[in-house]
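The opening position of the sequence shown corresponds to residue 12 in our numbering, with each subsequent residue numbered one higher. As structure tokens, the structure follows; a few thoughts come after it.
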Amino acid sequence: MPGIEEEAAEEREARVREPRASDMDQDSKLPAIDKLQGLHIWAIETMKMVPVPEKAHGSFFEGDCYVILHKEKASQGLSINIHYWIGKDSTTDKQGAASAYVAQLDGLLGDLPVQHREVQGYESDVFKSYFKNGLIYKKGGLASGFKHVETNMYNIQRLLHIKGKKPVSATEVDLSWDSFNKGDVFLLDLGKVLIQWNGPEANLSEKSRGLALARHIRDGERGGRAQIGVVDEEQNSADLMQIMETVLGPRASSLRDAIPDEKVDEFQKANLRLYHLYEKDEDLVVQEIATRPLTQDLLQHEDCHILDQGGFKIYVWQGRGSSKEEKKVAFSRAVGFIQAKGYPATTNVEVVNDGWEPAAFKQLFQHWTEKEPLEQLGRGYTPGKIAKVEAMKFKVTHLQGQPELAARQRMVDDGSGKMEVWRIEDLHKKPVDPKKYGQFHGGDCYLVLYTYQKAGRPQYIIYLWQGCHASVDEVMALALNATELDHMYQEETVQVRVTMGKEPRHFLAIFKGRLIVFQDSTSQDGCVDPKSTTQLFQVRGTDEYNTKTTEVPPRASSLNSNDVFLLATREICYLWCGKGCSGDEREMARMAAEIISAQDKQTVLEGQEPLGFWEALGGKAPYASEKRSQQKSSHYQPRLFECSSQTGRFIMTEIMFFSQDDLDEDDIMLLDTWEEVFLWIGKDCSPYEKKESVTMAREYLKSHPAGRDPATPIIVVKQGHEPFTFTGWFSAWDPYKWNNDRSYEQLKSSLGDMSAISEMTMELNNINLIQWLADGRPGNPGEGAPGTPAGAPAMAPKPIGSNPTSSSSSPRSSYYSSNSNYNSELSPVPPSVEAATIPATVGTFPREQLIHKAVEDLPDGVDPSKKEHYLSDSDFLDIFGKSKDEFYQMAKWKQQNEKKQHGLF
């Protein structure tokens with residue numbers, strides 16, 4: 012309808028013309044921009060931005076477009092990224108609206124963010140890093156399916172094809188055995204039951220990540236009320252295969268071979284070309300000015316540039332002197348460039364602003380000179396064991412008067428509001444003694460309610476802090492209790508999920524330097540674990556706004572010359588001051604020492620330790636003792652990559668915002684710290700990749716866009732034997748991580764209650780028995796179709812427990828009836844036939860025009876898969892010896908056999 016399209020286009024044009032916060036509130040119904048923190052997603056629906064609930068984050072409909080805003084406090088400042096995501100079946104109208112909204116958000120945020128164009132299946136590493144549990148691509152669009160993400164909804168029947176690593180992607184495919192292959196993992200989602208089918212050639216990593224995604228769906232979309240079954244070997248999973256064969260029908264042919272992933276190799280990424288965009292006589296000129304290696308002085312601040320990274324990614328760099336009109340058309344220019352070069356439409360596009368370039372862009376240049384950094388809140392430091400930057404002063408009282416600054420810093424106030432803390436105990440919240448506020452234990456979960464004033468009204472934040480050793484039940488109880496607390500405050504709270512070791516800045520600020528994280532399994536009376544004679548704590552921070560104290564293993568190798576450590580024994584508490592620590596850090600350590608230990612305090616300078624100090628740590632040992640050396644490029648940040656070599660090609664996948672959890676046992680990882688390149692070898696990686704790992708590292712240096720020194724040292728590190736020079740680049744390194752992690756088999760055995768699967772199997776058997784009695788035929792009720800497992804039901808693949816009066820127009824209607832909840836109690840009557848299996852109104856044709864006819868010879872309008880539908884009732888009865896009603900009550904495989912016999916298949 013042209014009228015609607017023109018109206019939508021005019022609306023989008025008006026939005027971009029005047030990008031004001033008030034427009035955002037009135038037109039898009041979005042919250043004020045200063046309230047947004049972390050990850051936010053909107054879907055484009057009727058040309059407006061519709062917020063996507065958090066529990067649906069990571070699920071994308073193929074027929075839609077989305078806008079994603081992410082703000083993260085990075086090691087060298089605030090990172091703001093805006094993406095618009097294009098589903099493969101989305102319309103050009105939705106794509107245009109998403110692009111326009113991204114330009115509007117960029118203006119509202121002061122031209123600070125990096126803007127990204129993402130295409131389904133070809134997303135950037137930054138985009139994928141937001142969804143650690145994986146991406147799910149759903150068929151259709153919001154108009155037909157958005158409501159189905161509601162928690163505890165079982166009205167689902169879909170098949171997901173799981174591929175990839177870090178994170179996985181799960182694409183909804185046809186509900187058929189034809190979708191399966193030997194090498195991948197598939198998830199049959201039936202609402203109350205999730206069945207993971209592992210291909211015979213799938214590796215352990217793929218199985219583990221598939222199980223992680225299944226658990227994420229169960230705990231997120233289903234509120235923990237679904238059950239998971241796993242098929243590793245079909246012959247050992249009769250019950251699960253019975254359910255799968257009922258839904259999918261019998262498997263008629265052998266499985267297909269797996270198709271390898273397509274990725275861009277490093278040499279293609281290193282093929283850099285820089286173009287200058289400028290206007291000449293009212294024409295836009297695109298002129299190539301340089302190839303690799305590139306230098307920063309090539310970028311002209313009054314114009315725009317395109318940097319072509321071998322067709323893998325297109326960067327649009329916007330100079331600070333470029334006009335607003337030029338910035339508005341940045342994406343369209345990039346897309347036009349892609350078309351002119353003949354690149355795939357899936358090519359990534361990233362728009363960066365002068366002065367706010369991301370590290371990945373800056374590292375494409377040989378040298379990069381930073382401008383003066385923005386003032387940071389409090390006195391800042393860079394995360395990482397040996398990271399240090401110059402401290403800078405900042406007045407926290409400016410936050411209320413500068414909301415844009417508060418948004419960038421993720422600090423709603425200075426932390427002086429009211430606070431209440433509860434610990435999850437016996438699945439309920441128990442108040443914590445105010446004297447112990449700020450003390451968190453790794454085996455527990457906590458709720459923190461923070462109240463502050465804004466414009467004379469109370470505002471609420473609920474922090475959900477999850478210890479790394481907390482049980483699954485406690486984590487689920489944490490979410491449920493947070494929901495109850497939210498209801499108590501009329502659902503006006505902001506909920507922030509905090510993982511141990513990843514505490515945000517405001518969380519640190521509200522405890523005024525008294526945040527202490529204990530590694531023990533659960534909280535106990537007293538601070539020092541009575542089972543341990545010695546505890547060691549690392550103190551990080553320079554004032555009450557940024558200080559955290561973390562317990563680390565009590566051994567000398569945990570020390571770091573750049574920090575202050577507290578060594579608490581039963582007799583004394585040592586304050587060990589590294590040579591690189593500041594006076595402010597020592598003051599904050601003294602505050603923490605008063606909380607941790609009631610014993611006498613003794614200050615110890617590095618190099619002047621008494622004998623008792625080393626004895627308490629089990630003796631001397633090497634530790635991180637040097638400050639981080641000056642990098643060749645001041646902009647450089649350590650980068651972590653997953654390595655692979657497929658069919659002779661060198662493939663690198665960057666892991667954004669990395670942590671120790673990203674090191675998987677079957678992987679080879681490359682950590683680039685500029686002066687050194689580390690290769691981390693997982694204990695379960697393939698022998699071939701292990702053999703080729705050093706070669707891959709050399710190829711990485713050789714193909715680096717910045718022209719790296721090929722003589723850069725390559726250090727091979729094996730899992731479980733990491734030196735401090737490697738672990739120092741990770742925060743909160745746990746040397747016993749892999750001793751405590753559960754294996755795939757342990758995770759599979761911990762799936763728990765299988766009652767829903769048992770009920771479903773019982774229902775199938777009962778329906779099967781009733782079907783045989785209704786047919787009046789002798790035989791074994793457990794006897795299924797030829798070639799199916801013993802006990803497979805001889806019945807058509809219709810939804811179990813479906814509503815007999817359902818008027819669904821699709822044979823793949825929802826697994827559970829939309830009109831009632833799942834009910835395992837069966838009615839003692841034969842199952843009714845779905846309305847979808849027999850057309851209500853269909854034309855008939857003479858049998859001669861249907862029997863033994865090829866598709867091209869059939870009459871117009873005839874569905875070749877349902878030729879029998881078009882027979883008259885008398886012809887049907889004459890050919891099959893039964894009525895259509897009787898025919899469609901037969902098992903699907905029986906129907907197909909009879910159709911083959913009579914030339915109607």
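Note that CB positions come from ideal geometry on N, CA and C, so glycine has one too.
(message) Tell me which residues share the same chain as aspartate 75 and place their Cβ nearer than 8 Å to its Cβ, disregarding the 5 neighbours each side in the sequence.
(response) So the list reads Ala54, Ile55, Glu56, Gly98, Ser101, Lys105, Gly152, Leu153, once near-sequence residues are dropped.
(message) In this structure, how does DSSP classify proline 469 when only helix, strand and coil are distinguished?
(response) strand
(message) Considering only the alpha carbon of each residue, which of Glu582, Leu622, Thr561, Lys523 lies closest to threonine 545?
(response) Glu582
(request) For asparagine 364, count neighbouring Cβ atoms within 10 angstroms of its own Cβ and tell me buried if that reaches 16, exposed if not. (result) Burial is judged here by how many other beta carbons sit within 10 angstroms of a residue's own beta carbon; asparagine 364 has at least 16 and is buried.
(request) Examine the Cβ distances between the stretch 496-514 and the stretch 469-485 and report whether three or more of them are shorter than 8 Å. (result) With a cut-off of 8 Å, the stretch 469-485 and the stretch 496-514 count as touching, because enough Cβ pairs lie within range.
(request) Under 8 Å by Cβ, that's how I've got alanine 567 and glycine 630 pegged, so tell me the actual separation to the nearest angstrom. (result) That belief holds up - the Cβ atoms of alanine 567 and glycine 630 are roughly 7 Å apart, short of 8 Å.
(message) Closer than 8 Å is the cut-off here; do at least three beta carbon pairs connect the stretch 167-185 with the stretch 196-205?
(response) yes
(message) Considering just the uninterrupted stretch of the beta strand (DSSP E) at glycine 240, what are its terminal residues?
(response) 238-242
(request) Identify whether histidine 646 lies in helix, strand or coil by the three-state DSSP scheme. (result) Because histidine 646 sits at a pLDDT of 44, beneath the cut-off of 50, its placement in the model cannot be relied upon, and the point is left open.
(message) Considering only the alpha carbon of each residue, which of Gly914, Thr855, Leu309, Tyr95 lies closest to valine 130?
(response) Out of Gly914, Thr855, Leu309, Tyr95, Tyr95 has the C-alpha closest to the C-alpha of valine 130.
(request) Output yes or no for whether 7 Å exceeds the beta carbon distance between tyrosine 585 and valine 550. (result) no
(message) For alanine 603 and histidine 312, I'd like the C-alpha separation in whole angstroms.
(response) 48 Å
(request) Below 8 Å on the Cβ atoms is my guess for glycine 221 versus asparagine 192; work out the distance and round it to an integer in Å. (result) That pair is no contact at about 14 Å.
(request) In angstroms with no decimal places, state the Cα-to-Cα distance between serine 593 and threonine 553. (result) 8 Å
(message) So if DSSP puts tryptophan 433 in a beta bridge, which residue, or which two residues, is it bridged to?
(response) Pro442, Leu458
(request) Starting from the C-beta of threonine 684, find all residues in its chain whose C-beta is less than 8 Å away, skip the five residues before and the five after it, and write them out in chain order. (result) Hits under 8 Å: Pro649, Trp740.
(request) On a CA-only basis, which of Glu244, Asp243, Cys315, Glu212 is nearest aspartate 268? Give me that one, please. (result) When only C-alpha atoms are compared, the closest one is Glu212.
(message) Using DSSP's beta-bridge definition, name the partner residues of proline 857.
(response) BP columns for proline 857 are empty, so no partner.
(message) Taking the straight line between their C-alpha atoms, what separation do you get for serine 180 and alanine 225?
(response) Using only the alpha carbons, I get a separation of about 12 Å.
(request) Note the first and the last residue of the continuous alpha helix (DSSP H) segment covering valine 113. (result) 103-119
(message) Can you tell me which residues form a DSSP beta bridge with alanine 181?
(response) In DSSP, alanine 181 forms a bridge with Ile147, Ile173.
(request) Just the C-alpha distance for isoleucine 890 and histidine 913, rounded to the nearest angstrom, thanks. (result) 7 Å
(request) Could you give the DSSP three-state label for phenylalanine 405: helix, strand or coil? (result) Bear in mind that a pLDDT of 43 at phenylalanine 405, under 50, signals an unreliable position, so the model cannot answer this.
(request) Give the range of the beta strand (DSSP E) segment to which serine 70 is assigned. (result) Following the DSSP letters along the chain, one finds serine 70 inside the beta strand (DSSP E) bounded by residues 70-72.
(request) Report the rounded CA-to-CA distance for arginine 229 versus alanine 223, giving the unit in angstroms. (result) Their backbone Cα atoms lie some 10 Å apart in a straight line.
(message) Please return the same chain residues whose Cβ sits closer than 7 Å to the Cβ of glutamine 671, not counting the five positions on each side in sequence.
(response) For glutamine 671, where only same-chain residues beyond five positions count, the Cβ hits under 7 Å are Phe741, Trp744, Asp745, Lys748.
(message) Using the Cβ count rule (16 or more neighbours within 10 Å means buried), how would you classify leucine 295?
(response) Leucine 295 is exposed by the Cβ-count criterion.
(message) Using DSSP's beta-bridge definition, name the partner residues of tyrosine 286.
(response) Glu299, Ile317
(request) Drop a sphere of 10 angstroms on the beta-carbon of tryptophan 625, count the other beta-carbons inside from all chains shown, and report buried for 16 or more, exposed for fewer. (result) exposed
(message) Just to check my reading of the structure: tyrosine 286 and glutamate 299 have Cβ atoms closer than 8 Å, yes? What is that Cβ distance to the nearest angstrom?
(response) Tyrosine 286 to glutamate 299, Cβ: 5 Å. Contact.
(request) Quick one: residues in its chain with C-beta nearer than 6 Å to the C-beta of aspartate 611, no 5 flanking neighbours on either side, listed in chain order? (result) The answer, listed in chain order, is Ile583.
(request) Name the residue from Asn908, Gln329, Arg597 whose alpha carbon lies nearest to the alpha carbon of glutamate 617. (result) Arg597
(request) For arginine 468, count neighbouring C-beta atoms within 10 Å of its own C-beta (all shown protein chains included) and say buried if the count is 16 or more, exposed if not. (result) Result: exposed.
(request) Kindly indicate which three-state DSSP category aspartate 365 falls into: helix, strand or coil? (result) DSSP, read as helix, strand or coil, puts aspartate 365 in coil.
(request) Sort out for me which residues DSSP pairs isoleucine 583 with in a bridge. (result) The beta-bridge partner set that DSSP reports for isoleucine 583 consists of Asp611.
(request) Apply the 10 Å Cβ neighbour rule to leucine 519 and answer buried if 16 or more other Cβ atoms are within range, or exposed otherwise. (result) buried
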